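Report on the following structure.
Residue numbers (full-length UniProt numbering): 1 to 217.
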């Protein structure tokens with residue numbers, strides 16, 4: 001068995017190489033409008049991976065996932081769950097910002113199926129292959145659709161552990177951007193849901209640390 005430190009360093013090295021390759025990806029039309037490929041952030045040796053849908057304007061400008069208001073909220077919830085960003089690996093299903101022009105302004109839009117369908121095998125699956133997380137927490141329904149199953153329903157399935165083709169333990173949580181759109185008691189409750197799910201994910205990584213990893217790849 002490889003030395004844990006050496007193994008972690010190898011994962012970091014391979015993720016950095018993959019990130020460099022992704023930085024010039026021409027595979028879909030999003031490459032024509034992006035500022036930066038937003039590949040991933042955090043600890044490539046972590047047993048816990050967080051996966052969102054795709055980058056927004058702040059992420060496109062910086063090349064780092066979850067750095068806007070949603071990112072600030074995620075960092076707060078991570079802290080309240082006993083973790084920091086450096087303890088997990090954070091990425092998105094789609095690595096480039098998807099946009100449209102409305103009322104003369106560039107706005108975010110959901111990635112199209114063909115964009116997700118291109119990006120997942122090219123980059124997300126390779127990230128999972130290298131990092132080999134024991135647990136994946138999907139932030140939002142689009143990520144859960146890509147990771148858990150295509151008919152995922154957030155209201156019915158949030159907070160439930162499910163096996164996916166990538167990991168034995170996958171679960172979906174509310175996306176921080178969704179939480180920010182809530183008001184009053186709904187905001188407080190949905191924010192606490194995210195904290196609870198982050199705690200559950202952290203505890204699951206501890207509980208299964210000695211289990212063999214899945215070998216899809």
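Ideal Cβ placement from N, Cα and C applies to all residues, glycine included. Model, not experiment: these values are computed from the prediction.
>> Using a Cβ-Cβ distance cut-off of 8 Å, determine whether residue 46 contacts chain D.
In response: Included in the structure is just one protein chain, with no chain D present.
> Taking only runs of the alpha helix (DSSP H) that begin and end inside the segment 116-162, which ones reach a length of at least 4 residues, in chain order?
Replying inline: For the segment 116-162, whole alpha helix (DSSP H) runs of length 4 or above, ordered along the chain, are 125-131, 141-147 and 154-157.
> What do you get for residue 147, buried or exposed, if any count of 16 or more other CB atoms within 10 angstroms of its CB means buried?
Replying inline: buried
> Nearest-angstrom Cα distance between residue 212 and residue 48?
Replying inline: 15 Å
> How about residue 59 and residue 38: are their beta carbons less than 8 Å apart?
Replying inline: yes
> Would the segment 93-111 and the segment 71-78 be scored as touching if the rule is three or more Cβ pairs under 8 Å?
Replying inline: No: fewer than three Cβ pairs fall under 8 Å.
>> Since residue 50 and residue 139 should fall inside the 8 Å C-beta cutoff, what is the C-beta to C-beta distance between them, to a whole number of angstroms?
In response: 6 Å
> What runs of the beta strand (DSSP E), each 3 residues or longer, lie entirely inside the segment 21-67?
Replying inline: Within the segment 21-67, the complete beta strand (DSSP E) runs of at least 3 residues are 48-52.
>> Just to confirm the assignment, what range does the alpha helix (DSSP H) spanning residue 98 have?
In response: Here residue 98 belongs to no alpha helix (DSSP H), and DSSP marks it neither H nor E.
>> Taking the straight line between their C-alpha atoms, what separation do you get for residue 172 and residue 199?
In response: 13 Å
>> Could you pull the DSSP bridge partners for residue 169 from this structure?
In response: 135
> Roughly how many angstroms separate the alpha carbons of residue 98 and residue 90, rounded to a whole number?
Replying inline: Residue 98 and residue 90 have their C-alpha atoms spaced approximately 18 Å apart.
>> Once DSSP output is grouped into helix, strand and coil, what is the label at residue 202?
In response: helix
> Are there three or more Cβ pairs, one per stretch, closer than 8 Å when the segment 118-130 is compared with the segment 19-34?
Replying inline: yes
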